[in-house]
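Asker: Numbering (the working numbering), first residue to last: 637 to 958. Positions of the beta carbon are idealized from the N, C-alpha and C atoms, including for glycine. Sharing a structure below in structure tokens format, with a few things to ask.
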């Protein structure tokens, strides 16, 4: 089923106690998982990605709570659980209506979960979440803002979403910052507090350069908004360094792992984006690109010549080296 039908079940209090969530919007998957498992005194067992243990998960759903509370099992993974194991866990949930089981699947192979008949026996609700449309995203952000007692209108929320390229998860994380205001939040407040604005635009700009696209209008726009030429150059150097780390890691291990490469987990779209760019650049080319950027950064810092001209010529030469 889709989100609208599932919302109707929630309103009518006709939801099951076992769920398979999947689809394009990880934000909605997480939001509904949290909503359905926010139960006081529940005995919750969480598994994230490779930590999943079938034996322990099965035992958790098999046993009754010692104190009469509910047992909740949440499995979040980009990898599919073996079908026999998933069927067993769903069957255990069906046999004990007091327990709750949610399987949040973040992977892209969703065909087997899109068939409601596959889960009819255990009355499991299989829900696919698409990326919310703009008006849906605004309403969700408005709801989050109201829960945090933040006064903000839909126009300002639309502005916030545009800053984060429509990524509702990033926009939702910013709401907390606005609790400092005891008045309605304006677009100027958003620009002042949301530091991602310049970084995100700069990332888009860097990606355009590395994809050998025309960047002149973007460069003019960035400089017009007061961005510093040296900072642009250092940002590109930093971005290329990350790509080099992705390139080496993928060559050694076969697939990227953001936590291993960057030291922290990153959104899936960011990992895929950087991995795709990284593998297109040969290891030897990274040395030449870094040499070009660092030598021209030094030139900018040690002379009074036109920094914009140096920056422009550097970017042209950089694209030729790719």
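Entirely within the stretch 666-716 and at least 4 residues each: give me those alpha helix (DSSP H) ranges in chain order.
Answerer: Taking only runs of at least 4 residues, the alpha helix (DSSP H) segments lying wholly in the stretch 666-716 are 690-698.
Asker: Would the stretch 671-686 and the stretch 767-786 be scored as touching if the rule is three or more Cβ pairs under 8 Å?
Answerer: No: the two stretches stay apart, fewer than three of their Cβ pairs being nearer than 8 Å.
Asker: Distance check for residue 649 and residue 891, CA to CA, integer angstroms please.
Answerer: Between residue 891 and residue 649, the C-alpha separation is close to 43 Å.
Asker: Residue 825 to residue 801, Cα distance in whole Å?
Answerer: Cα-Cα distance, rounded: 18 Å.
Asker: Hey, out of 717, 743, 728, whose CA is closest to residue 736's CA?
Answerer: Nearest C-alpha to residue 736: 728.
Asker: So, residue 655 versus residue 730, is the Cβ gap smaller than 9 Å?
Answerer: Cβ atoms of residue 655 and residue 730: not closer than 9 Å.
Asker: Taking just the CA atoms, how far does residue 885 sit from residue 879?
Answerer: Residue 879 and residue 885: Cα-Cα distance of roughly 10 Å.
Asker: Are residue 858 and residue 876 closer than 9 Å when you measure CB to CB?
Answerer: No.
Asker: Consult DSSP for residue 911 and reduce its assignment to one of helix, strand or coil.
Answerer: Helix at residue 911.
Asker: Identify every run of the alpha helix (DSSP H) within the stretch 898-943, keeping only runs that are complete inside it and at least 4 residues long; order them along the chain.
Answerer: If we require 4 residues or more, the alpha helix (DSSP H) runs fully inside the stretch 898-943 come out as 904-914, 919-938.
Asker: Does the contact criterion of 3 or more C-beta pairs under 8 Å hold for the stretch 774-792 versus the stretch 805-817?
Answerer: Touching, yes, given that three or more Cβ pairs across the two stretches are closer than 8 Å.
Asker: Could you tell me the distance, in whole angstroms, from the CA atom of residue 841 to the CA atom of residue 903?
Answerer: Using only the alpha carbons, I get a separation of about 19 Å.
Asker: So is residue 691 buried or exposed if we call it buried at 16+ other beta carbons inside 10 Å?
Answerer: That one is exposed.
Asker: Could you check the C-alpha separation between residue 926 and residue 895 for me, to the nearest Å?
Answerer: Each residue's alpha carbon lies about 24 Å from the other.
Asker: Whole angstroms is fine: what's the gap from residue 790's alpha carbon to residue 698's?
Answerer: Those two C-alpha atoms are separated by around 46 Å.
Asker: Use the C-beta contact count for residue 930: other C-beta atoms within 10 angstroms, 16 or more gives buried, fewer gives exposed.
Answerer: Flag for residue 930 reads exposed.
Asker: With 16 other CB atoms within 10 Å as the buried threshold, where does residue 796 fall?
Answerer: That one is buried.
Asker: What first and last residue would you give for the beta strand (DSSP E) that runs through residue 654?
Answerer: Start and end: 654-659.
Asker: Pairs of beta-carbons, one from the stretch 653-667 and one from the stretch 755-765, closer than 8 Å: are there three or more?
Answerer: Counting Cβ pairs under 8 Å, three or more are found: they touch.
Asker: How many Å lie between residue 845 and residue 862 at the Cα?
Answerer: Distance between the alpha carbons of residue 845 and residue 862: 20 Å.
Asker: Report the start-end ranges of each alpha helix (DSSP H) in the stretch 824-901 that is 4 residues or longer and not cut off at the edges.
Answerer: List check, alpha helix (DSSP H) in window: 832-846, 852-860, 865-889, 894-898.
Asker: Where residue 685 and residue 944 are concerned, what is the direct C-alpha to C-alpha distance, given to the nearest angstrom?
Answerer: Rounded to the nearest angstrom, the two C-alpha atoms are 46 Å apart.
Asker: Let me know if residue 646 comes out buried or exposed under the rule of 16 or more other beta-carbons within 10 Å of its beta-carbon.
Answerer: So residue 646 counts as exposed.
Asker: Is the Cβ-Cβ distance between residue 719 and residue 748 less than 9 Å?
Answerer: Yes; because the gap between Cβ atoms is below 9 Å, this pair is in contact.
Asker: May I ask you to check if the CB of residue 816 is nearer than 8 Å to at least one heavy atom of the ligand HEM?
Answerer: With respect to small molecules bound, the structure shown includes none, and the ligand HEM cannot be examined in it.
Asker: Between which two residues does the alpha helix (DSSP H) containing residue 780 stretch?
Answerer: Unbroken alpha helix (DSSP H) run through residue 780: 770-783.
Asker: Under a three-way DSSP split, which group does residue 641 fall into?
Answerer: If DSSP states are grouped into helix, strand and coil, residue 641 belongs with the helices.
Asker: Around the Cβ of residue 706, are there at least 16 other Cβ atoms within 10 angstroms (buried) or fewer (exposed)?
Answerer: Buried: at least 16 other Cβ atoms inside 10 Å.
Asker: May I ask which residues mark the beginning and end of the beta strand (DSSP E) holding residue 799?
Answerer: Taken as a continuous stretch (DSSP letters only), residue 799 belongs to no beta strand (DSSP E), being part of the alpha helix (DSSP H) at 790-799.
Asker: Could you pull the DSSP bridge partners for residue 736 from this structure?
Answerer: In the DSSP output, where bridge partners are listed per residue, residue 736 has 708.
Asker: On the three-state DSSP scale, how would you describe residue 762?
Answerer: Strand.
Asker: Measure from the alpha carbon of residue 760 to the alpha carbon of each residue in 653, 693, 820, 708, then state which is nearest.
Answerer: Of the candidates 653, 693, 820, 708, the one whose C-alpha sits nearest the C-alpha of residue 760 is 653.
Asker: Determine whether the beta carbon atoms of residue 921 and residue 958 lie at a separation below 9 Å.
Answerer: Yes, Cβ-Cβ distance for residue 921 and residue 958 is below 9 Å.
Asker: What's the call for residue 828, buried or exposed, on a 16-neighbour Cβ count within 10 Å?
Answerer: Exposed, because fewer than 16 other Cβ atoms sit within 10 Å of the Cβ of residue 828.
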